[in-house]
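In mature numbering (1 follows the signal peptide of the UniProt record, and there is no 0), the protein residues as written are -16 to -1, 1 to 160.
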């Protein structure tokens, strides 16, 4: 059984996909590595070409390798990929009207959130100060006569509410 597992494991490792590209100079290899790190795999979506083993990623790596070997510049390779796969292929999409939301929405949202937080805290501190010292905001404490008048009004309101509740209870009792 162990021999079967060993043979199966060795045969699977033969299928492992290892990129073995030969470059003319280290500059070409560095260019290739930077580009496959920058390009997004169309199938995996949140993975770059360097980390993807999808067949489309293998094809794109091969195409990138061929273009680097042909002496194409980074801009030419990016343009080819963008023409064929759109802005989605790049982790660094260009700034144009169709991508403005990607570039400008996060910082604008951050500014609005910070502004709202600042206004809320400023109003909160004003409210706390008004509670601590009401005379500064033009509110003086009630005099004894004003307090008595307020209490009479509240009691009268409570009495009226209690009388209304009593009438409702009597009407319900009569219906039953």
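Just so you know, even glycine gets a beta-carbon here, dropped at the ideal spot from N, CA and C.
Would you mind giving the Cβ-Cβ distance between residue i and residue j, rounded to the nearest angstrom? I have them listed as a contact below 8 Å.
{"i": "residue 192", "j": "residue 65", "result": "Any answer about residue 192 is impossible in this case: the structure gives the chain only from -16 up to 160."}
{"i": "residue 20", "j": "residue 45", "result": "6 Å"}
Would you identify the three-state DSSP class for residue i, choosing helix, strand or coil?
{"i": "residue 102", "result": "helix"}
{"i": "residue 144", "result": "helix"}
{"i": "residue 24", "result": "strand"}
{"i": "residue 74", "result": "strand"}
{"i": "residue 107", "result": "helix"}
{"i": "residue 30", "result": "coil"}
{"i": "residue 43", "result": "helix"}
{"i": "residue 38", "result": "coil"}
{"i": "residue 79", "result": "coil"}
{"i": "residue 4", "result": "coil"}
{"i": "residue 126", "result": "coil"}
{"i": "residue 11", "result": "helix"}
{"i": "residue 56", "result": "coil"}
Just to confirm, are residue i and residue j a CB contact at a threshold of 8 Å?
{"i": "residue 52", "j": "residue 16", "result": "yes"}
{"i": "residue 25", "j": "residue 14", "result": "no"}
{"i": "residue 126", "j": "residue 138", "result": "no"}
{"i": "residue 83", "j": "residue 91", "result": "no"}
{"i": "residue 87", "j": "residue 79", "result": "yes"}
{"i": "residue 5", "j": "residue 69", "result": "no"}
{"i": "residue 27", "j": "residue 18", "result": "no"}
Does residue i get closer than 8 Å to chain D when you measure Cβ to Cβ?
{"i": "residue 13", "result": "As a matter of chain content, chain D is missing from the structure shown, which is built from one protein chain."}
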